[in-house]
Amino acid sequence: MSSPDRLVYMANQIGTFFRSQGHDKAVPGIADHIKKFWDPRMKRAIFAHLDAGGTGLEPNVLEALTSLKQSLPAAS
Amino acid sequence: MSLIEEIDFGTPRSKSETMVTLTIDGNEVTVPEGTSIMRAAMDAGHQIPKLCATDMVDAFGSCRLCVVEIEGRAGTPASCTTPVMNGLVVHTQNERLKKLRKGVMELYISDHPLDCLTCGANGDCELQDMAGAVGLRDVRYGYEGENHVFAKSHGEINAAWMPKDESNPYFTYDPSKCIVCSRCVRACEEVQGTFALTISGRGFDSRVSPGMSESFLGSECVSCGACVQACPTATLTEKSVIEIGQPEHSVVTTCAYCGVGCTFKAEMRGEEVVRMVPYKDGKANRGHSCVKGRFAWGYTNHKERILNPMIRDRIEDPWREVSWDEAFSFAAAKMRGIQTKYGRDAIGGITSSRCTNEETYLVQKLIRAGFGNNNVDTCARVCHSPTGYGLSQTFGTSAGTQDFDSVEDTDVAVIIGANPASAHPVFASRLKKRLRQGAKLIVIDPRRTEMVESPHVKALHLPLMPGTNVAVVTALAHVIVTEGLADEAFIRERCDWSEFEEWAAFVAQPKHSPEATAILTGVDPKDLREAARIYATGGNGAIYYGLGVTEHSQGSTTVIAIANLAMVTGNIGRPGVGVNPLRGQNNVQGSCDMGSFPHELPGYRHISGEAVRDQFEALWNVKLNPEPGLRIPNMFDAAIEGTFMGIYVQGEDILQSDPNTKHVVAALSAMECVIVHDLFLNETANYAHVFLPGSSFLEKDGTFTNAERRIQRVRKVMTPKNGMADWEVTIGLAKAMGFEMKYSHPSEIMDEIAALTPTFTGVSYAKLDELGSVQWPCNEKAPEGTPVMHIGGFVRGKGKFIVTEYVATDERTGPRFPLLLTTGRILSQYNVGAQTRRTENVVWHAEDRLEIHPHDAEQRGVRDGDWVRLKSRAGETTLRAEITDRVSPGVVYTTFHHPDTQANVITTEYSDWATNCPEYKVTAVQISPSNGPSDWQKSYDEQARHSRRIAPAEAAE
Numbered sequence: 344m345s346s347p348d349r350l351v352y353m354a355n356q357i358g359t360f361f362r363s364q365g366h367d368k369a370v371p372g373i374a375d376h377i378k379k380f381w382d383p384r385m386k387r388a389i390f391a392h393l394d395a396g397g398t399g400l401e402p403n404v405l406e407a408l409t410s411l412k413q414s415l416p417a418a419s
Numbered sequence: 007m008s009l010i011e012e013i014d015f016g017t018p019r020s021k022s023e024t025m026v027t028l029t030i031d032g033n034e035v036t037v038p039e040g041t042s043i044m045r046a047a048m049d050a051g052h053q054i055p056k057l058c059a060t061d062m063v064d065a066f067g068s069c070r071l072c073v074v075e076i077e078g079r080a081g082t083p084a085s086c087t088t089p090v091m092n093g094l095v096v097h098t099q100n101e102r103l104k105k106l107r108k109g110v111m112e113l114y115i116s117d118h119p120l121d122c123l124t125c126g127a128n129g130d131c132e133l134q135d136m137a138g139a140v141g142l143r144d145v146r147y148g149y150e151g152e153n154h155v156f157a158k159s160h161g162e163i164n165a166a167w168m169p170k171d172e173s174n175p176y177f178t179y180d181p182s183k184c185i186v187c188s189r190c191v192r193a194c195e196e197v198q199g200t201f202a203l204t205i206s207g208r209g210f211d212s213r214v215s216p217g218m219s220e221s222f223l224g225s226e227c228v229s230c231g232a233c234v235q236a237c238p239t240a241t242l243t244e245k246s247v248i249e250i251g252q253p254e255h256s257v258v259t260t261c262a263y264c265g266v267g268c269t270f271k272a273e274m275r276g277e278e279v280v281r282m283v284p285y286k287d288g289k290a291n292r293g294h295s296c297v298k299g300r301f302a303w304g305y306t307n308h309k310e311r312i313l314n315p316m317i318r319d320r321i322e323d324p325w326r327e328v329s330w331d332e333a334f335s336f337a338a339a340k341m342r343g344i345q346t347k348y349g350r351d352a353i354g355g356i357t358s359s360r361c362t363n364e365e366t367y368l369v370q371k372l373i374r375a376g377f378g379n380n381n382v383d384t385c386a387r388v389c390h391s392p393t394g395y396g397l398s399q400t401f402g403t404s405a406g407t408q409d410f411d412s413v414e415d416t417d418v419a420v421i422i423g424a425n426p427a428s429a430h431p432v433f434a435s436r437l438k439k440r441l442r443q444g445a446k447l448i449v450i451d452p453r454r455t456e457m458v459e460s461p462h463v464k465a466l467h468l469p470l471m472p473g474t475n476v477a478v479v480t481a482l483a484h485v486i487v488t489e490g491l492a493d494e495a496f497i498r499e500r501c502d503w504s505e506f507e508e509w510a511a512f513v514a515q516p517k518h519s520p521e522a523t524a525i526l527t528g529v530d531p532k533d534l535r536e537a538a539r540i541y542a543t544g545g546n547g548a549i550y551y552g553l554g555v556t557e558h559s560q561g562s563t564t565v566i567a568i569a570n571l572a573m574v575t576g577n578i579g580r581p582g583v584g585v586n587p588l589r590g591q592n593n594v595q596g597s598c599d600m601g602s603f604p605h606e607l608p609g610y611r612h613i614s615g616e617a618v619r620d621q622f623e624a625l626w627n628v629k630l631n632p633e634p635g636l637r638i639p640n641m642f643d644a645a646i647e648g649t650f651m652g653i654y655v656q657g658e659d660i661l662q663s664d665p666n667t668k669h670v671v672a673a674l675s676a677m678e679c680v681i682v683h684d685l686f687l688n689e690t691a692n693y694a695h696v697f698l699p700g701s702s703f704l705e706k707d708g709t710f711t712n713a714e715r716r717i718q719r720v721r722k723v724m725t726p727k728n729g730m731a732d733w734e735v736t737i738g739l740a741k742a743m744g745f746e747m748k749y750s751h752p753s754e755i756m757d758e759i760a761a762l763t764p765t766f767t768g769v770s771y772a773k774l775d776e777l778g779s780v781q782w783p784c785n786e787k788a789p790e791g792t793p794v795m796h797i798g799g800f801v802r803g804k805g806k807f808i809v810t811e812y813v814a815t816d817e818r819t820g821p822r823f824p825l826l827l828t829t830g831r832i833l834s835q836y837n838v839g840a841q842t843r844r845t846e847n848v849v850w851h852a853e854d855r856l857e858i859h860p861h862d863a864e865q866r867g868v869r870d871g872d873w874v875r876l877k878s879r880a881g882e883t884t885l886r887a888e889i890t891d892r893v894s895p896g897v898v899y900t901t902f903h904h905p906d907t908q909a910n911v912i913t914t915e916y917s918d919w920a921t922n923c924p925e926y927k928v929t930a931v932q933i934s935p936s937n938g939p940s941d942w943q944k945s946y947d948e949q950a951r952h953s954r955r956i957a958p959a960e961a962a963e
C-alpha cells in the first residue's frame, strides 16, 4: 500500500461500524476484524504507521491496533 | 443415451394431502384430491387424447378431445376440467368417445396445412400424434373451405391468412399452423407472468396476438420460451429446430447464467446442440426458463472464441499462438520468477464464479498449496461478500436460508436492492405467480423496477436515495419494536435476549424513526410504517435482496440489519420466510463455499484455525500459510505499490467488472505476469501475457451451486473446442509450476471436497445422479440436504442481534457532482456481457443507456437519445440518455453490459467497511451534453484493438 492513507481510511471505516457498540466491545471487535481479514503486508504497513504516531486513526482504532500489534508474533 | 421424454400429465399436480380413489378403465387409482381425471388416468398409465391441456398450465377445457364417460353422469365431460371424486367409474375409450374425438380432429385438420414431412415440428407434434391416436383417416369437410392455411384461396387473397412472424431471433410464429388452443397465452400468463399474448377476435377470427397484434419482437414479450414449450404444433418453433431438425438425445445439465440455477435438457444431435429446454424436474426452475438460459447459448461457438493458447512478453506485442506445453512452461517460469524476485506472496489468483465448484476448488488449491500463499479471491468480492460476512455474524452461515419453492408459502415478500425481473427472471416469475394468488410485495429500491408494477402486481414501493439502506431498514425495525410488533416468543427461544434488548433500545431511539430519517432517505414515513406493519404482521414474510444491498460502504451493515429484521419478526426457520440473497452469477455461492476467499478454506473455515489447516495439510501434503491473503482491491493496491506482480485469472473480467477502471488498468499494467483463462479475449486480456483458452459449460463435467445452496450437475455434451476442460488447464499450469494434482474426472475432485468439508460430506456424483440435486448442508445429519436452514435453532446457536448505525457514505453529491449514479442489469444481458453480447440478445439491448429524470434532463438541455458526458471524480465516459421517471430526480441509472460504455471508469474505489466490496451503487456524477465518445474511450478502444492482435502463424519451412 503505497500510502498509509488508504489503510487508515479502511481501519477507521471498521472503527465506525463498531462505534455504536460502545468502547468496550468496539476495541476488541476492530482488532479481531483486522486480524482476520487483513493480509500480513497490510498489517505491517498499518503497524508501521502506528509506530510513526498513527496520525488520522480514530481513538478506538488506535487502541485496537496497539493491542493487536502486541498480541501478534513479531514476524507478522 | 436417448431423448429424455418427460411425461405430460395434462394438468398441474394437486398439493392436497387428502387422497381420493376412483376407477378408470377398470383400474383403481388413488390420487390427491383436486387432481383432474386426465391426470389420474395418466398416473395409471392411460393417456387420454388431449390438445389444449398441458401440465405447465391450468386446465382450460377448449379442445374437447379429452372427453370421457362417467357412470351415472350425463354427457361426456372433459377429463382435464373434471376433478376426481371417490367412487367414480370412468371410461376413457368407447364407440361414442371415439366418434366424438374423430369428429373434433377432422375439424382441426380441415384448417391445418398437410405439410408434415417438411414441417419443423415433424416428429414432435402433438396434433400429428392425436391424429394418429384417434385413427383419423380422412377429412370429410375437405380443405377448400374458409381457412387460415393458404395465402390465396380460389385465386383471391385470403384475408384470414397471416404470414410467419420471424421477428424474434430465436423462434418463429406461424399463424397458419395455429389451432388456437391458447396454451401459449396461458403459459405467458400463468408461468411467465408477462401477459404479452392474448387471443384476439372470436370464433373463426380467433388468433394468438402478441400485444395489440404486434410482432413478437415489438410486443412486451420477454422471449422466455414458455409459449414455444407449450405449443403443441409448429406454430411456435425454435429457429434452431427448423434449421437443424429434431434432436436425437438429451442430457440434463445446469444453466451457466444467473444464480437461479435452472435445470435444462440440452437436446442434441451428435455434438451439436439443437435446443436447450427447461427441465420439469429442475427444483430451482420447475420447468421454466428465461431468454438467456433458453436461447442465448450461441456464444459457445462464436467466431471470436479463442481456441489456442497464446503468449507474449509485453502487452504491446501481438499474441503468439503456442502449444499448451509451451504456454504452461512460459507461465510457470514467469510466476516462479516473480516469486524468486519479489517473494512468495507476490503472486495470486482469482477463481471464477462462472466455472464449476471443482474448478474453483482446484484454483484455490493451486494458490494455497502451489503458490504457497492465500492470495485468492473471487468475483463474489465485488458482489455478495457482505452477505457472507453479515449472515455468518448473525445466523452462523454464509448463505441464504430457503429454497426457491419456499416462495409458494410466502405471504409478504420484501425485495431490497434487487430487480429479479431482469437479473433472476425465473425466480421473478415464480414470485409473481404467488403475488397473483394474493401475497403482498414491498420493493425498496431507488428505481421503479419492473417488479414494482407488472400485470396484476402492484407493490408498495419505497423509493429511497441510493446509499441510505441502513437508515431505511433500521427505521423498519424502529416501527416494529416501538409499535410492539416484535415476535417475543421467537426471540426468547431462538436469540440472545440481552443482545436483543440492547439492539431494541438502539433502534427505538427517536432518531431512527421513519419521520426522523425521511430527510435523508427520501422515503415517505407513512409508506415506511405501512411496510413495516405488513412485513411484521402479514403472515410468512420473506426478504429477497441483491447487489443494491451489498455494493455499498455499508453493505455488510445492511445485511446485518436485514437479518435483525427477520429475527425480530420470527421470520426464519420454516418454509415461506427467511433471508434470501439473490446471487448474481451461476456459481457465486459455490465459489464462496469452495474457499475462494483469502481468509477461508472450503466450508468457510478461517485459515488461522490449526485443526482445519492440519486436515488440508495432511491431504494436500504441504504446509499452509496461516495468514489471510489479499482481497481483489488489496491486490490492485499492492500491484501499484510493487509487491504483487503476477496473477492467474480464471473466467473473470476484472478490468470491466471492477470499479475505477483507471486504477485497475494501472494495477494490471504494473504486473509482470497476467494469466487470463477465458473463452474470449476479454478486457482484462488486453493487459495479459498468457492467454489460456477456456471451455464452456457444455464442454465439461462438474457442479454449480445456486443461490439456494443447491448443488447441481453440469454435464458434458460435447468435446471441449479448446481441447481441454478448465479443470484440466489448471492441473496443467500447476504441474508446470511443480505442483502435481492428479484427478482423472471431476467426480474425484468432489470426493476430495466432501472429505474435507463438513457441510459437503454427503455429496457425491452418485448421490446427485440419484436425487437430481442436493442443498448443503448435506451430511450425516441431513443425508438428502437441507432445503430450509435454521429450523428449530440457528446454526451459530443463538441468533445474534447487532446494532446497525447508519453512516453516510463519503461519496457525496456537491456542486461539481450533484447527481447520484446507481447501476443495474437488464434481462437480455448478463454481467459484463461477454457471453450475451455474442448472441442475438443484442437485439434487445445493443448499448447501455443512462436513465435520467425529465426534470434533471431539462435543466441540462438533454433530450431523449442524446449523447451525454457522465463525469465523476474518478473519470468520465459518454453514453446516450434515456429520459424516464423510473428514476427519481437527483438519481441517474445505467447498466454495465458493454465495454465501450465503461461505466466503471466512473465508479470509485470506496468499498464496504467489512469486506472491501466496492460501492458500485453510489457515485456522485455530473451530466452534460456531448458530441460522442470521450478521449478516454477513444484511447481505450485503440489500446484494446492493438492489444488483441494475433500474429499470423509462420509458414512451415
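Protein sequence lines, in the order shown, are assigned to chains U and D.
Throughout the first sequence, residue numbering follows this note's numbering, covering 344 to 419 in sequence.
Throughout the second sequence, residue numbering follows this note's numbering, covering 7 to 963 in sequence.
Even glycine gets a Cβ: it sits at the ideal position worked out from N, Cα and C.
Could you give the distance in angstroms between the alpha-carbon of residue i and the alpha-carbon of residue j?
| i | j | result |
| --- | --- | --- |
| V682 (chain D) | R855 (chain D) | 29 Å |
| V186 (chain D) | F410 (chain D) | 33 Å |
| V680 (chain D) | P181 (chain D) | 54 Å |
| E23 (chain D) | P793 (chain D) | 20 Å |
| D415 (chain D) | A445 (chain D) | 9 Å |
| E508 (chain D) | H366 (chain U) | 15 Å |
| G547 (chain D) | R539 (chain D) | 11 Å |
| R318 (chain D) | G293 (chain D) | 46 Å |
Per DSSP, residue i is paired with what?
| i | result |
| --- | --- |
| A673 (chain D) | Its beta-bridge partners do not exist; DSSP assigns none. |
| G584 (chain D) | D:A548 |
| H97 (chain D) | D:E75 |
| M316 (chain D) | D:E327, D:F697 |
| H467 (chain D) | D:V449 |
| H683 (chain D) | D:Q656, D:L698 |
| K158 (chain D) | D:I163 |
| T306 (chain D) | T306 (chain D) is not bridged to any residue. |
| N33 (chain D) | D:I30 |
Count the other C-beta atoms from every protein chain shown that fall within 10 angstroms of the C-beta of residue i, then say buried if there are 16 or more, exposed otherwise.
| i | result |
| --- | --- |
| Q100 (chain D) | Here the sequence assigns Asn to residue 100 (chain D), which means Gln is not the residue at that position. Exposed. |
| N937 (chain D) | exposed |
| R453 (chain D) | buried |
| Q413 (chain U) | exposed |
Would a check of beta-carbon distances place residue i closer than 9 Å to chain D?
| i | result |
| --- | --- |
| H376 (chain U) | yes |
| I389 (chain U) | no |
| K379 (chain U) | yes |
| D382 (chain U) | yes |
Consider the Cβ of residue i: report whether some Cβ of chain U lies at a distance smaller than 9 Å.
| i | result |
| --- | --- |
| R637 (chain D) | yes |
| F433 (chain D) | no |
| P634 (chain D) | yes |
| S559 (chain D) | yes |
| A920 (chain D) | yes |
Please give the ranges of any beta strand (DSSP E) in the region 806 to 893 of chain D, keeping only runs that are unbroken, at least 3 residues long and fully inside the region. Runs found: 825 to 830, 855 to 858, 873 to 877, 882 to 889.
Which runs of the beta strand (DSSP E) fall wholly inside the region 503 to 563 of chain D and span at least 3 residues, in chain order? List check, beta strand (DSSP E) in window: 547 to 551.
Fully enclosed by the region 697 to 767 of chain D, which alpha helix (DSSP H) runs are 4 residues long or longer? Here the runs fully enclosed are 732 to 742, 752 to 762.
Please give the ranges of any beta strand (DSSP E) in the region 164 to 202 of chain D, keeping only runs that are unbroken, at least 3 residues long and fully inside the region. Listed in chain order, the beta strand (DSSP E) elements of length 3 or more contained wholly in the region 164 to 202 of chain D are 177 to 179.
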